[in-house]
Structures are given as structure tokens and as C-alpha cells.
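Taken in sequence, the protein lines are chains A and B.
So for the first sequence, our numbering puts the first residue at 350; every next one is plus one.
So for the second sequence, our numbering puts the first residue at 350; every next one is plus one.
Here a beta-carbon is modelled for each residue, glycine too, at the ideal position from N, C-alpha and C.
2 protein chains.
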Amino acid sequence: MSNGKDNFSVADLSAALNAGDRADLVNVLKTQHDDLEAKFFEERAALEAKYQKLYQPLYTKRFEIVNGVIEVEGATTEAAVADQQVDKDAVEKGVPDFWLTAMKNNDVLSEEITERDEEALKFLRDIKWSKIDDPKGFKLEFFFENNPYFKNTLLTKTYHMIDEDEPILEKAIGTEIEWYPGKCLTQKILKKKPKKGSKNAKPITKTEQCESFFNFFCPPQVPEDEEDIDEDAAEELQNLMELDYDVGFDSNAVGTNGYDKQK
Amino acid sequence: MSNGKDNFSVADLSAALNAGDRADLVNVLKTQHDDLEAKFFEERAALEAKYQKLYQPLYTKRFEIVNGVIEVEGATTEAAVADQQVDKDAVEKGVPDFWLTAMKNNDVLSEEITERDEEALKFLRDIKWSKIDDPKGFKLEFFFENNPYFKNTLLTKTYHMIDEDEPILEKAIGTEIEWYPGKCLTQKILKKKPKKGSKNAKPITKTEQCESFFNFFCPPQVPEDEEDIDEDAAEELQNLMELDYDVGFDSNAVGTNGYDKQK
Numbered sequence: 350m351s352n353g354k355d356n357f358s359v360a361d362l363s364a365a366l367n368a369g370d371r372a373d374l375v376n377v378l379k380t381q382h383d384d385l386e387a388k389f390f391e392e393r394a395a396l397e398a399k400y401q402k403l404y405q406p407l408y409t410k411r412f413e414i415v416n417g418v419i420e421v422e423g424a425t426t427e428a429a430v431a432d433q434q435v436d437k438d439a440v441e442k443g444v445p446d447f448w449l450t451a452m453k454n455n456d457v458l459s460e461e462i463t464e465r466d467e468e469a470l471k472f473l474r475d476i477k478w479s480k481i482d483d484p485k486g487f488k489l490e491f492f493f494e495n496n497p498y499f500k501n502t503l504l505t506k507t508y509h510m511i512d513e514d515e516p517i518l519e520k521a522i523g524t525e526i527e528w529y530p531g532k533c534l535t536q537k538i539l540k541k542k543p544k545k546g547s548k549n550a551k552p553i554t555k556t557e558q559c560e561s562f563f564n565f566f567c568p569p570q571v572p573e574d575e576e577d578i579d580e581d582a583a584e585e586l587q588n589l590m591e592l593d594y595d596v597g598f599d600s601n602a603v604g605t606n607g608y609d610k611q612k
Numbered sequence: 350m351s352n353g354k355d356n357f358s359v360a361d362l363s364a365a366l367n368a369g370d371r372a373d374l375v376n377v378l379k380t381q382h383d384d385l386e387a388k389f390f391e392e393r394a395a396l397e398a399k400y401q402k403l404y405q406p407l408y409t410k411r412f413e414i415v416n417g418v419i420e421v422e423g424a425t426t427e428a429a430v431a432d433q434q435v436d437k438d439a440v441e442k443g444v445p446d447f448w449l450t451a452m453k454n455n456d457v458l459s460e461e462i463t464e465r466d467e468e469a470l471k472f473l474r475d476i477k478w479s480k481i482d483d484p485k486g487f488k489l490e491f492f493f494e495n496n497p498y499f500k501n502t503l504l505t506k507t508y509h510m511i512d513e514d515e516p517i518l519e520k521a522i523g524t525e526i527e528w529y530p531g532k533c534l535t536q537k538i539l540k541k542k543p544k545k546g547s548k549n550a551k552p553i554t555k556t557e558q559c560e561s562f563f564n565f566f567c568p569p570q571v572p573e574d575e576e577d578i579d580e581d582a583a584e585e586l587q588n589l590m591e592l593d594y595d596v597g598f599d600s601n602a603v604g605t606n607g608y609d610k611q612k
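Rendered as C-alpha cells:
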């Protein structure tokens, strides 16, 4: 038999055992889970950073080989090689069209590259991927040599994510390309003959957007007020953003893995 | 000036410096990268497993509280509580409708749950997530008490993935639900009155598929030969598979995080 004090204690505990308080207990467990999960994300980020550092010397070496900055051990200078009268192929520095080839070997990217783009992509010297922290996301850097198409030597594409665990794209930002006059690959100029007997003898020109890999740097924009767009437009936007993200993801794959198929 | 031997060496090296061989060097770097990456995947899997173990006691505790298997420290048995004549609420075990509430609090899942489903989901006692290794993927387990809707006490959904790094869904497999007669929630029986003057006086019944969360256990099937389906059907299938995956992903989120909003 229990005394008065015990009775009080039992009633008290019983009251604490209603569903609401049990839900509180579950919430305490949830907080403990969230704390653990935060530590997991921290450790995972540290692991990713550790391997990013380990990959770095390989990327640097690849850059140097691909762009002929260094040659293999014991190799002589280009002038000395020319002196030995070896054939032209042997003196060509680096791996010609490495990045264009790598991109064309990727199923997603190859779909985006037009014939017009190829000439410009031959000037691509490196693709770098890096994580960004504030806001969360990642950045792709496309390094170009001086080329006759655009002034920029660096084109970047940055993806801002909402959630780190299940990454949800918030928006993507690209570099504005400074095309040289008449060299823009994302636009086509259509010329129409003036009508017969027209006073103006000049042909009428019309500029039109066209397919090009370089549209990648002008990603789809999410309107400020999402309610402004109807269901079809929203679906179209969703598809465009997914494609844009896929291109970004595969550019990363190309950047980190280089190419498999070329030899 | 170099001697004959040196000349040979230079020519040799020069020959080795043609683009093809440089590509070989790049491939060596790629192999080194892949080896490092394999180690990264290994370490990441170990990290995930470590935290899965750390979460486990919290899930067990939650299961016990939610289902009234244990009560809070110092609590008495249900019989003893009844003995103290505390009100009915206080003796109700566990957290009623915990999982139904958790699922309804999730935006993706709540869309899938019909009013008819709710009664059956009140018998849900736990959702468990686990990784599977061969083939790669993950498994969701839905534990039910004995209920008047179906015989099974465990419904599972397994997702097989193609790629671990960028997980691509290969297929999903669900438990076949053994519905009790007349209790199937994924079908509706439509009764049509027989035409006036018809010889057969019985109403004609027609069974039709209908919306239900339990369709989750009968996921869309990818045809063996993908070329058998046209573009529209392929897009429809893709959308269905994405939705199915989202439901699975959010079931996992509910299973690992429990519920936020209920109190």
C-alpha cells in the first residue's frame, strides 16, 4: 500500500503521461536526433574538404599537362625539340581540345554543344568546381584563353541551394558574356530581303535567340512572385531548371573526372 | 652539345610527348583520382553507418514511447494507474496516431493520404529506414498492428539505385498487400443500376483503381524494353517514378525525424 506522498507522485506521473506530454518526450528525442545530425553534416563536410584537398594536386598536374605548361620528366623545350627536327605532332604542346572532347564525351553536355560552339570551346583551358558556403552551394569556373569570341577569360556558374542534405536548387547565376561584335553564339542574325519596290533598299535584320552551350551562363530565372506564373509555365520553368542543373552537375563530373573515352 | 645517346633520348621523349601520350598521362591521373574517390565513398559510407548506429537508440526509445511499450521514468503500470482512478486520457498508452499525424504534417505525403487511408494508417506503429548494399539502395519498412484492412503487419518498399554518388533510381519494389475482402483501399467498387426492363435484376459492379497512399506499395514499373513506349508515355512514367521516389524520400524524412508540428 502506498502513503499519501506516493499517491501524489503516481497521480502526478499519470498526468504527465497524457499524449501531449508523451509528444513532448518525442520532441526531446527529435532534438537529440537533430543535434546528432548536425554533427554528421559537419563531419561529412570535413570529409569532403579533406578529399577536395587530396584531389587538388591531380587537377593541377592535369592542367599543366593538358595546357603544355609542363612536359613529362626529362623532356626538353619546344625549341630544342624543333632543333631535333621531330615531326610537328610531337612539338604541339599539351593535349589539343582536351576539354571540348571531354565535354562532348558526356551525354548531357554533348546535347548542348552546337557546331558553332565547338570552335569557341577549343579555347577552354580548365573547369574547376568548388563548394561555396554562404549561401550553400557550388561554383563552376570555366577558364578560357584569349579568344576571338568573347572578352572574358573566366566564365562562372554558381548554384545556390536551399537544403544541404537533399539539395534543392534555389537559383543559378552565370557570368554575363562580353561577346565581340558579330561573334555572339547565343544569337543568330536573320536577314530578310526588303520587299520589292520598297523604298528602303537595305536588308532587314532580325536577332533571334538560338541554341548554344553558352546559354548555360544565362540560366532560367525564377520570378520573384511565383504565383505570377501559371501551371504550364511553372512546369516549363521546372524542366528548364532541372536541365540547367543537370548540365552543371555533368560539367562538374567532367571537371573532376576528366575524360574517359578519348585517346 | 649533346652526344648520340642524348639525341636518341631527346627524340624518344619528344615522341612520347605527342598528344596521345599526354592523354595517357591524363588517364593515369584519372586513375589516381578514381582510387582516391573510391576511398572517399568508403569513408563516407562508414561515417553514415556510424551515425545510423548513434540514431538507433533514439528510434527505439521513440518507438517505445509512441506505442506505450514503456512509460516515463518512475511511471506505474496501466493497472496501477487505473487503480488510482486518474482520468481516461492519462491511462491511454503511447501517442495516439503519431505516425498518421507525422505523415500528414509532411507536404509530399499529405497529398497522397486520402480520408479512407487515415483509418488504416492509425494502425501504423513504426517506419524504419535502412541502407541496402547488394544491389545498392535503401529500404523503408512500415510496421502495422493487426488491423481490419489487411493481413500484413509489415509493408516494405525497396529502392534500387544505379549510381551511389548521384543516385539514379533503377526500380522500386513494394510488398503486395493482402487486403481483407471488401477492404481494399486502392480500389473502388462502382455499382450501376441495371437498365430498366433488363432480365438481370442484380446491380452491375465495376472495380476501379483509385487514389490511395497504399498505391505507394505498387510502384510504377519500367518496361523491360524501354523502346516499347512512346515519348509521352516515357515522360508520364518518369513523372510517376519521380513522385514515387519523392514519397519514399519523405517517408524516410518522417521516419528519421518524426514529427515537428504536432503537440
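- Interface residue (Cβ-Cβ distance to chain A less than 8 Å): L396 (chain B) is classified as such.
- Counting C-beta atoms within 10 angstroms of its own C-beta, E461 (chain B) has 16 or more neighbours from the protein chains shown and is therefore classed as buried.
- Against E392 (chain A), the close residues of chain B are L396, K399, Y400, in the order they occur along the chain (beta-carbon pairs closer than 9 Å).
- Here Y404 (chain B) carries a helix assignment [DSSP, helix/strand/coil].
- In this structure, V571 (chain B) and K506 (chain B) do not form a Cβ contact; the two beta carbons are roughly 16 Å apart against a cut-off of 8 Å.
- Under the DSSP assignment, F447 (chain B) falls in the alpha helix (DSSP H) whose first and last residues are 447 to 453.
- Closer than 8 Å at the C-beta level to chain B, one finds no residue of the region 549 to 569 of chain A.
- Apart from sequence neighbours up to five positions away, the residues of its chain that approach V603 (chain B) with a beta-carbon distance below 7 Å are A451, M452, N455, L458, I476, ordered along the chain.
- Secondary structure note for L503 (chain A): its beta strand (DSSP E) is the uninterrupted segment 503 to 510.
- Using beta-carbon distances, Y508 (chain B) does not count as an interface residue toward chain A, since no partner is under 8 Å.
- Between L586 (chain A) and I578 (chain A), the C-beta spacing is below 8 Å.
- Comparing alpha carbon positions, the residue from A:A372, A:W448, A:A582, A:K485 closest to A394 (chain A) is A:K485.
- Across the structure, W528 (chain A) and D466 (chain B) are spaced so that their CA atoms are roughly 59 Å apart.
- Note that the C-beta distance between I414 (chain A) and L374 (chain B) is below 8 Å.
- At least 8 Å separates the CB of R465 (chain A) from every CB of chain B.
- Closest in C-alpha terms to K537 (chain A), from the list A:P543, A:D574, A:K388, A:N564, comes A:N564.
- I414 (chain A) reaches chain B at R371, L374, V375, counting residues in chain order whose Cβ is nearer than 7 Å.
- In the DSSP assignment, F491 (chain B) falls within the beta strand (DSSP E) that extends over 485 to 493.
- Judged by DSSP secondary structure, E461 (chain B) falls outside any beta strand (DSSP E) and instead within the alpha helix (DSSP H) spanning 456 to 461.
- Spanning the alpha carbons of P569 (chain A) and I511 (chain A) requires a straight line of approximately 17 Å.
- Listed along the chain, the chain B residues whose CB falls inside 9 Å of the CB of R474 (chain A) amount to none; the nearest CB is some 14 Å away.
- At least 8 Å separates the beta-carbon of F389 (chain B) from that of Y408 (chain A).
- Going by DSSP, L518 (chain B) is part of the beta strand (DSSP E) stretching over 518 to 523.
- The alpha helix (DSSP H) runs lying completely inside the region 574 to 608 of chain B and spanning 4 residues or more are 580 to 606, given in chain order.
- Here E557 (chain A) carries a strand assignment [DSSP, helix/strand/coil].
- Per the coordinates, the alpha-carbon of K488 (chain A) lies some 11 Å from the alpha-carbon of T524 (chain A).
- Ranking B:D483, B:E494, B:E468, B:G531 by CA distance to the CA of R474 (chain B) puts B:E494 first.
- Shown here, L473 (chain B) sits in a strand according to DSSP, grouped into three states.
- By the Cβ-count criterion, G531 (chain A) is exposed, with fewer than 16 other Cβ atoms from all chains shown falling within 10 Å of its own Cβ.
- Among the CB atoms of chain B, none fall inside 8 Å of the CB of K485 (chain A).
- In terms of beta-carbon proximity, F389 (chain B) lines the interface with chain A, with at least one pair separated by less than 8 Å.
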